[in-house]
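Asks:
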Amino acid sequence: MAEALLAVRNLHAGYGAGDILQGVDLDVAPGEIVAVVGRNGVGKTTLMKTIIGLVARRSGEIRFAGEDISDRRPEDRARAGLGYVPQGKMIFAHLTVEENLRMGERVNAATPSNRALAFEYFPILKPHLAQKGGTLSGGEQQALAIARALVGRPDVLLLDEPSESIQPSIVVEIGETLRRLNREIGVTVVLVEQNVGLIGATAQRGYVLDKGRVTTELSRAELNDRELMVHHLSV
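What follows is the structure in structure tokens.
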């Protein structure tokens, strides 16, 4: 594997007195789509929030593009090239589609507007520029959440459960779009997901998280083994 663009070493983090993450190690090379899988409650969302800086690490290290970003603020990590799409979409419901995209553009004020890029990959948004985000369909809101991160031109896109509460046909479209972003403009993706079909269609490698630790690494063939994946997502 090429030198890691994103590297996590012995990462501990949590809430209150307890550690949810108990020594996580993972590497993501430039140009990869890597899945992080596991049953509910094992620390997947905590991992994503700790990488972006919304949850403070207690020990361990997060390196991005060769630099230690473990103590940087979330906004500095975003400016460095980490894009984050949280679970539940978390768009600004009271703002219009255009205003949501403007918020994404503010991640890096030195970067020219990439709204055209967002519309290229999510054309469904363009007719709704003046519409409040909260009035969009679930699939449109997820498209907006990803597009809002995309206009900041991230090198790594962190996606937490993008298929949640989305109809199957839209999930397929999201998978196709992620593959295009990866193939055409080189966006590296870290995907936390429970949808076996989306995992198999997009990810090239995977990590199984259990009880706050990585217990298994998965090849592409294993990610496409439905029986194996159901086992890892349910045990």
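Per my numbering, residue -6 is the first one in the sequence shown, and the count goes up by one each step.
Note that beta-carbon positions come from the ideal geometry of N, C-alpha and C, so glycine has one too.
All figures in this text were calculated on a predicted structure; none of them were measured in a lab.
Identify the continuous beta strand (DSSP E) that holds SER156 and give its terminal residues.
Replies: Note, SER156: premise wrong, no beta strand (DSSP E); not H, not E.
Asks: Please go through the stretch 70 to 112 and give each complete beta strand (DSSP E) segment of 3 or more residues, from N-terminal end onward.
Replies: Those beta strand (DSSP E) runs which fall completely within the stretch 70 to 112 and span 3+ residues are 75 to 78.
Asks: Can you give the Cα-Cα distance for LEU226 and ASN107, rounded to whole angstroms?
Replies: Going from the Cα of LEU226 to the Cα of ASN107 covers about 36 Å.
Asks: What are the boundary residues of the beta strand (DSSP E) that VAL1 is part of?
Replies: Its beta strand (DSSP E) spans residues -1 to 8.
Asks: Could you give the first and the last residue of the continuous beta strand (DSSP E) run that contains SER52?
Replies: Looking at the DSSP string, the run of the beta strand (DSSP E) that includes SER52 is 50 to 57.
Asks: Taking the CB atoms as reference points, tell me whether LEU255 and LEU118 lie closer together than 8 Å.
Replies: Beyond the ends of the chain as shown, which are -6 and 228, falls residue 255; an answer cannot be given.
Asks: Output the distance between the C-alpha atoms of ALA111 and VAL48, rounded to the nearest integer angstrom.
Replies: Answer to the nearest angstrom: the Cα atoms are 28 Å apart.
Asks: Using CA coordinates, which residue listed in GLY193, GLU220 and VAL223 is at the minimum distance from SER212?
Replies: The candidate whose alpha carbon is nearest that of SER212 is GLY193.
Asks: Here's the rule I'm using: 16 or more other beta-carbon atoms within 10 Å means buried, otherwise exposed. How should MET83 be labelled?
Replies: By the neighbour-count rule (16 or more Cβ atoms within 10 Å), MET83 is not buried but exposed.
Asks: Does GLN15 come out as helix, strand or coil in the three-state DSSP assignment?
Replies: Strand, per DSSP.
Asks: Relative to the alpha-carbon of LEU88, which residue among GLY7, ALA123 and ALA10 has its alpha-carbon at the smallest distance?
Replies: Comparing Cα-Cα distances from LEU88 to each of GLY7, ALA123 and ALA10, the minimum goes to ALA123.
Asks: Reducing DSSP to helix, strand and coil, say where ALA28 ends up.
Replies: ALA28 falls in the strand class under three-state DSSP.
Asks: GLY46 and ARG72 look like a contact to me (Cβ under 8 Å); what is the Cβ gap, rounded to whole Å?
Replies: About 12 Å separates the two Cβ atoms, so there is no contact after all.
Asks: Would you list the one or two residues that DSSP bridges to SER210?
Replies: The sequence given here has Glu at residue 210, not Ser. Its beta-bridge partners are TYR200.
Asks: Skipping 5 residues on each side, what residues in its chain have a beta carbon closer than 6 Å to that of THR209?
Replies: Result list for THR209: VAL201, in chain order.
Asks: Taking a contact to mean a Cβ-Cβ separation below 8 Å, would you say VAL182 touches ASP153 in this structure?
Replies: In this structure, ASP153 does not lie closer than 8 Å to VAL182 by Cβ.
Asks: If you draw a straight line from the alpha carbon of GLY126 to that of PRO67, how long is it in whole angstroms?
Replies: Taking the straight line from one Cα to the other gives about 23 Å.
Asks: One question on the structure: do GLY145 and GLU98 come within less than 8 Å of each other, judged by their Cβ atoms?
Replies: Contact flag set, yes.
Asks: If I follow the unbroken alpha helix (DSSP H) through VAL180, where does it start and stop?
Replies: No alpha helix (DSSP H) contains VAL180, which DSSP labels as neither H nor E.
Asks: Going by other Cβ atoms of all chains shown within 10 Å of its Cβ, with 16 needed for buried, is GLY76 buried or exposed?
Replies: Per the 10 Å Cβ criterion, buried.
Asks: Compute the distance between the beta-carbons of ALA142 and LEU94, then report whether it is under 8 Å.
Replies: No. Outside cutoff.
Asks: Can you tell me where the alpha helix (DSSP H) holding GLN135 begins and where it ends?
Replies: Per DSSP, GLN135 belongs to the alpha helix (DSSP H) from 131 to 143.
Asks: If I'm right that ILE26 touches LEU171 with Cβ under 8 Å, what's the distance once you round it to whole angstroms?
Replies: With 8 Å as the limit, ILE26 and LEU171 qualify as a contact, their Cβ atoms being about 7 Å apart.
Asks: According to DSSP, is LEU47 part of a helix, a strand, or is it coil?
Replies: Three-state result, LEU47: coil.
Asks: Quick one: give me the first and last residue of the alpha helix (DSSP H) that LEU191 is part of.
Replies: Counting along the chain, the alpha helix (DSSP H) containing LEU191 begins and ends at 189 to 195.
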